[in-house]
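Take 1 as the starting number for the sequence shown in my numbering and just add one per residue.
The C-beta atom is built at its ideal place from N, Cα and C for all residues, glycine as well.
This report concerns only the one structure given below.
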Amino acid sequence: MFQRVGLAAAMALLLMACSRHIAPPNPVEGATEASRVVLHFTAADGLNPGGSGQPTPVRVRLFELKNAASFNRADYFALAERAQDSLGSDLVDQDEVLLQPGQHLTVERTLDAATRRVGLVVGYRELDQALWRAVLDVPPRMSHEFDIALDTLAVRTALSAPSIHSAH
1 MFQRVGLAAA
11 MALLLMACSR
21 HIAPPNPVEG
31 ATEASRVVLH
41 FTAADGLNPG
51 GSGQPTPVRV
61 RLFELKNAAS
71 FNRADYFALA
81 ERAQDSLGSD
91 LVDQDEVLLQ
101 PGQHLTVERT
111 LDAATRRVGL
121 VVGYRELDQA
131 LWRAVLDVPP
141 RMSHEFDIAL
151 DTLAVRTALS
161 APSIHSAH
């Protein structure tokens, strides 16, 4: 009986000793600190073929969003031409970049504290045949890196590196 109690006590002490060395994530000063994103764009050599099959540049619109529901329901022209009306209070901020075929571009942004999603809209010439929209999840107070591939007629995204902001 004493051996069992002694063994249980030793195990409890061992577990407590191990857990002391696990440091919790550093708290972030100010609960409203925004996220940061790094977007690594890679445009395919055959990007956005024109009438003669020649590759052409595309405009990529970036939307900081509180919620992606209205973004996902809207059509291309509503987002490209009437974003504020179409997205209403879900739209926090917006920007755009122009990418040439074969181009690699890195965009770094500090997001508004209210932003929880980043919507991407790619202006392909053949919208009815293209996958032109993507949504990136960006939880608060974290840095994120995304790889964004602009294929001939499709945008693909992948999370490359999330991390928690450290307090300074």
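Close beta carbons around residue i, own chain, < 6 angstroms, minus the five adjacent residues each side
i	result
ARG109	VAL37
ASP147	HIS40, ALA158 and SER160
ALA31	Interpretation of ALA31 is limited by its pLDDT of 41, a score under 50 that renders its predicted location unreliable; the figure taken from the coordinates is listed afterwards. Here the set comprises nothing.
ALA199	One cannot answer for residue 199 here, as it falls past the ends of the chain, which runs 1 to 168.
ASP151	ALA44
Rounded distance between the beta-carbons of residue j and residue i, thought under 8 angstroms
i	j	result
ALA149	GLY102	Their Cβ separation, rounded to whole angstroms, is 12 angstroms, which puts ALA149 and GLY102 out of contact at 8 angstroms.
ASN48	ARG116	Rounded, the Cβ-Cβ distance is 29 angstroms, inconsistent with contact.
VAL138	LEU111	6 angstroms
Close-in-space but distant-in-sequence residues of the same chain around residue i (CB under 7 angstroms, 5 per side omitted)
i	result
ARG156	ALA149
ALA23	Because ALA23 sits at a pLDDT of 38, beneath the cut-off of 50, its placement in the model cannot be relied upon, and the point is left open.
ASP45	PRO55, PRO101 and GLY102
ALA83	PHE63, LEU91 and GLN94
Pick from the options that is closest to residue i, judged by C-alpha positions
i	options	result
SER172	GLU145, PRO140 and LEU153	Because the chain spans 1 through 168 in this model, residue 172 falls outside it and cannot be assessed.
ALA56	LEU99, VAL121 and ALA74	Position check: residue 56 holds Thr in this sequence, whereas Ala was assumed. Among LEU99, VAL121 and ALA74, the Cα nearest to that of THR56 is on LEU99.
PHE63	LEU111, ASP112 and GLN94	GLN94
GLY50	MET142, ASP137, TYR124 and GLU145	TYR124
Under 7 angstroms between C-beta atoms of residue i and residue j
i	j	result
THR97	VAL58	For clarity, residue 97 is Val in the given sequence; the question names Thr instead. No, they are not a contact pair.
ARG133	VAL118	no
VAL135	ALA114	no
SER86	ALA80	no
TYR76	LEU153	no
Cβ neighbours of residue i in the same chain (closer than 8 angstroms, five flanking residues each side left out)
i	result
ASP90	LEU65, LYS66, ASN67, ALA68, ALA69, SER70 and PHE71
GLN129	LEU153
GLY88	SER70
7 angstroms Cβ cutoff, residue i in contact with chain C
i	result
GLU64	No chain C appears in the structure shown, which is made up of a single protein chain.
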